[in-house]
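Below you'll find the structure, written out as structure tokens, and then a few comments.
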Amino acid sequence: MNRVRSRSGADNIEMSPSNSYNDDINGYYGESSSPGSQHRLSECHDVCAETCESLNTSRATLASSDRSDKVQVDVRTLEPISSLTGFWKKRMLFLKFRSRIEKQQQSKDSVFFRDGVRRIDFVLSYTDESDIKSGRKRQLYEANLEKIGLELETEDKSESEDGKTYFVKIHAPWDVLATYADVLKIKVPFKASDIPKKLSMKCLAAPFRLPDHVMNPEPDYFTATFNKNNSDFFIINDRETFFIPSTRNRIVYYILSRCPYVEDECVEKDKKGIKRLLTNGTYTAAFPLHDCRYWMRSKDTNCESERYNLYHYWAKFSCFFKQQPLHLIRKYYGEKIGLYFAWLGFYTEMLFFAAVVGTLCFMYGLSSYKQNEWSKEICSEQIGGNIIMCPLCDKRCSYWKLNITCDASWQSHLFDNVGTLFFAVFMGIWVTLFLELWKRRQARLAYEWDLVDFEEEQQRLQMRPEYENRCKSRKLNPITQESELVLERSTTDLVGKLFLCWVAVLFWICLTISCIVGVIAYRLAVYAAFSSFMKENAHLNKMASSITPQLATAVTASCINFIIIMLLNVMYERVAVWITDLEIPKTHVEYENKLTMKMFLFQFVNYYSSCFYVAFFKGKFVGYPGGYLYMFGQRTKLRNEECDPGGCLIELTTQLVVVMSGKQVWGNIQESLAPWLKNWWRGRKNRRQPESLYTRWEQDYNLLVVGHLELFYEYLEMVVQFGFITLFVASFPLAPLLALFNNIIEVRVDAWKLTTQYRRPVASKTHSIGAWEEILSGIAILSVVTNAFIVAYTSEMIPRLVYMYAYQPGRTMKGYINNSLSVFNIADMPLAHRPDEDEIPPWFNDSITTCRYHDYRYPPGHENQYTHTVQYWHIFAAKLIFIIVIEHVVFLVKFSLAWLIPDVPADVRDRIKRERYLVQEYLHEYEVKRLTSQLSGNQDDSTSVNRVQPSLSVHEVVSENL
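Residue numbers (the numbering used here): 218 to 1179.
And the structure:
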């Protein structure tokens, strides 16, 4: 059956000879019985019935008067037309409606232009057509894009579901792609790889592997930098598919970010780039398209449906135990996102080993639970029940018996044991293996993804448009002997902005420290209130053994500290971006590195300061009864905190669990629930429309935008977690296990939101994880020191070992509690430190003349009373020796492993050398053949040099620094 066809730039129309238009309309929708098709058919009946009837009764006139349109008619009966004008109005109405039906039918869920051949590489959208100034900018901008060689196709607002949004579809033809692939030094295949693959244990790994077409979507090739003049040197089977979609949208975005929107670029140099047009509202969005819906494959056989594969094999949580399809991620999203997921996956794999060892250490603590002699003494009525402890605060705190800390002592033993020491040493070695093995994995991916030579040249080509717009002069590069853009800045301006930037950073760090000091003051002030509250409420006395004032203070302070941390994060992020913009970094890499250092420096203080306080300051500067030390002086009446007799390790564990777990839970909720709710709210109107008419660009337009710092925040979240599981892991061996569970969820949550909730980001290249690698190395070195100090000064391991081997002949722990507590004469206690009369417990009487406190000091009556004993100095020396020995041993192992493990695997190094050799060899042969062919005059099409240039030269197309 002949049908009406309407295409861009064509007027050929064929009309169905049927007297009924139903068959004709059904032809456009196929045999679909979807609600959208039935709705459109009903609408077509209502609108076009009269028009079609008139057309069917007017075919003779149509045949004689409209031969130019090539209309085929059945001329069995011809009836005259009473009004030619009325007929043409009805005919145009019908053709317009039919054109709209065909256009919607062709473009729904499609990544091609209306002709079904040219691929949509990028989409721009705008809504404000009444603003003459913005309209003029768009007109000039799109005209300049067409001059460069890009092809545009606009969808009128009447075609959009909201009736307000215009969509400009952009296609990059071969000449433009080839030119900019040459400019951007993109590597493309020139020869199939002849290096045999290593044998792998596929049988054992089968449950964890994905189908081969997902794991390896592209064959293995040797690659070389593309040269347009030698395009026939490369393996080009089809020009339309030679550059993958991620490369195409990267090239188009490079053009969009540098194309001016003025007639004369030299007049106003800064008026160029899609970023400025998005900022000033000229365009509402600019994005590349996803290739299909994530829950179903595209019906177009020319579409790869890679988004569906990513969702089905990667983003679903049921695939949590499967390998990640890294090559497919790289192909679809680009190398930068692919490298992040490669690092996150490798980090998660390495966490498995740390989690297993940490769990074994925790199990050792459980198994030795009943052998804990010092906890038995604390819980004993004969020992702990008869030891009267001195008040922990002034006035509101009273004397108390040691056995009320029985439960806390047992809990502390779970983490404060010999297994903790072993785990601290293990983590020092683990972190070195993690970093060294990641370098090897990164080197392999860099080769496989053509990132080996992605260094200075590529970073120069990634010059930020914001920097280029501020440059007003050029300077000769002494190395390349090429003229380069230079930003001229006076010394005053440079020093002033740097001073402002770092003063702002220091101000926020000081603000964070002041907040931590405020939390410490809260702990000091509230402890007395908790003690009094639990005493006044008799029904809470039964809970006193498990919920002590110390524990209640620690938990509430940790929660308040976590809330402060999250609030400060939100505020500082904006400040960090603002002050980095003031510095005007030259390249994207430089911008991210500067922002990374500022953000991490602040996050380090924000997240870790409370843990550092508990680990290294709490209980270390307390003094003794009669000589207590006070925060901000004695007039504040905020006496420095003391540790429990069991030590501060259990409180450090509490602090670590609250902050680390709270951050992970909040982060996962924020990353999964927030995007889903936003998209649900934004797309609520479009869900009412028939799915068959919901175009691909409108579907993506209603998704969330991937911010240019989205990946930065993902790295930051994981690096902060890495700090928790390395810096303070000696206090909580289960931290790697919690991190492992979180990361298993994190990988799938990130994959899910990127695949289903966000627009497709512009592909970007990078050869490494950047400044994060240096930060991880710094954390690894610092972790050795912090864990050594935690074991030595925060836990009670060293004092116990000194007591057992130097002061206990039987080499047992019997009598340790009595040995570790000093005696103080209550009569020597100043009145300001003594508890109030109403705070004194009933069991306290005048026969009790002394109280105990945790320290090593001479008893009253001794010639050196209340000064440190010899045992104190023995323990002090043992702690220093332990720190020095452990640090040197771990550092020796770390640096030995780093030296022994090469950063680049041997087979990768050989492949790189072979590829470079083949590039030189094949290029030499190619040039010799071409020269011979030219000299002989028998040059054919297969060896001709493609010298077709786009409408503008490279210097006009790209920024002047090229």
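By construction, the Cβ of each residue, glycine as well, lies at the ideal position given by its N, Cα and C atoms.
Item                                                                                                                                                                 : Value
For the alpha helix (DSSP H) that PRO406 lies in, which residues bound it at each end?                                                                               : That residue, PRO406, is in no alpha helix (DSSP H); its beta strand (DSSP E) goes 404-409.
So what does LEU702 bridge to, in DSSP terms?                                                                                                                        : ARG691
Let me confirm a value: LEU1148 is counted as buried when at least 16 other C-beta atoms fall within 10 Å, else exposed. Which label applies?                        : exposed
Taking its Cβ as the centre, do 16 or more other Cβ atoms sit within 10 Å of ALA571, making it buried, or is it exposed?                                             : buried
For the ligand SAH, any of its heavy atoms closer than 7 Å to the Cβ of THR1067?                                                                                     : Although the ligand SAH was asked about, the structure shown includes no ligands whatsoever.
Please classify GLU296 as buried or exposed, where buried requires at least 16 other C-beta atoms within 10 Å of its C-beta.                                         : Its pLDDT being 43, under 50, GLU296 is placed unreliably in this model, and the value from its coordinates should be taken loosely. With fewer than 16 Cβ atoms within 10 Å of its Cβ, GLU296 is classed as exposed.
Let's see if you can read the secondary structure: which residues bound the alpha helix (DSSP H) around VAL216?                                                      : Shown here, the chain extends from 218 to 1179; a query on residue 216 therefore has no answer.
Excluding sequence positions up to five away, which residues of its chain have a Cβ less than 6 Å from the Cβ of ILE600?                                             : GLU594
Identify which residue in ALA360, LYS386, GLY551, THR442 has its Cα closest to the Cα of ARG331.                                                                     : LYS386
Below 8 Å on the Cβ atoms is my contact criterion, and I expect GLU859 with GLY836 to pass it. Report the Cβ-Cβ distance as a whole number of Å.                     : 5 Å
Can you list the beta strand (DSSP E) stretches of 3 or more residues lying completely in the stretch 1003-1047, in chain order?                                     : 1038-1042
VAL385 bridges to which residues according to DSSP?                                                                                                                  : LEU341, THR371
Are ARG1017 and VAL1040 closer than 8 Å when you measure CB to CB?                                                                                                   : no
Would DSSP call LEU565 helix, strand or coil?                                                                                                                        : Residue identity differs from the one stated: residue 565 is Thr in this sequence, not Leu. Residue state, collapsed to three classes: helix.
Here's a check: name, in chain order, each residue in its chain whose Cβ is nearer than 6 Å to the Cβ of TYR470, leaving out the five neighbours to either side.     : VAL979
Considering just the uninterrupted stretch of the alpha helix (DSSP H) at ALA502, what are its terminal residues?                                                    : First-last for ALA502: 502-504, but that is the beta strand (DSSP E), not the alpha helix (DSSP H).
Given a cut-off of 8 Å, decide if THR649 and ALA1115 are closer than it, judged by their beta-carbon atoms.                                                          : yes
What residues in its chain sit with their C-beta under 7 Å from that of GLY602, if we drop five residues either side in the sequence?                                : LYS618, ASN620
Spatial neighbours of PRO892 within its chain, please: CB distance less than 8 Å, with the 5 preceding and 5 following residues excluded, ordered by chain position. : LEU921, LYS970, GLN974, TYR975
What does CYS1068 pair with, by DSSP beta-bridge criteria?                                                                                                           : PHE1041
Could you tell me the distance, in whole angstroms, from the CA atom of GLU665 to the CA atom of GLU807?                                                             : 25 Å
Pop quiz: TRP1005 and ILE867 are said to be a contact at Cβ under 8 Å. What is the actual Cβ separation, rounded to whole angstroms?                                 : Trp is not the amino acid found at residue 1005; the sequence shown has Ala there. Not quite, the Cβ-Cβ distance comes to about 19 Å (not below 8 Å), so this is no contact.
With three or more beta-carbon pairs closer than 8 Å as the criterion, would you say the stretch 542-556 touches the stretch 448-463?                                : yes
Can LYS692 and GLU701 be called in contact, C-beta distance under 8 Å?                                                                                               : yes
Would you kindly report the start and end of the unbroken beta strand (DSSP E) that includes TYR197?                                                                 : Nothing can be reported for residue 197, as the shown portion of the chain is limited to 218 through 1179.
Expressed to the nearest angstrom, what Euclidean distance is found between the alpha-carbon atoms of TYR1033 and TRP591?                                            : 6 Å
What is the residue span of the alpha helix (DSSP H) that ARG355 lies within?                                                                                        : 349-365
Cα separation between LEU1249 and VAL1125?                                                                                                                           : Within the shown structure, residues of the chain are numbered from 218 to 1179, placing residue 1249 beyond reach of any answer.
Going by DSSP in three states, ILE801 sits in which element: helix, strand or coil?                                                                                  : coil
So for LYS1130, helix, strand or coil by DSSP?                                                                                                                       : helix
What whole-angstrom Cβ distance do LEU1135 and LYS408 have, given they're in contact under 8 Å?                                                                      : 6 Å
Report back the beta-carbon spacing between VAL936 and LEU993 to the nearest angstrom; my notes put them in contact at under 8 Å.                                    : 7 Å
Do the stretch 842-852 and the stretch 1052-1061 make contact, defined as three or more Cβ pairs closer than 8 Å?                                                    : no
Exposed or buried, MET580, counting other C-beta atoms within 10 Å across all chains shown (16 or more means buried)?                                                : exposed
Pick from THR1086, ARG740, ARG965: whose alpha carbon is nearest that of CYS536?                                                                                     : ARG965
Measure from the alpha carbon of LEU873 to the alpha carbon of each residue in LYS803, ILE412, SER827, ILE1101, then state which is nearest.                         : SER827
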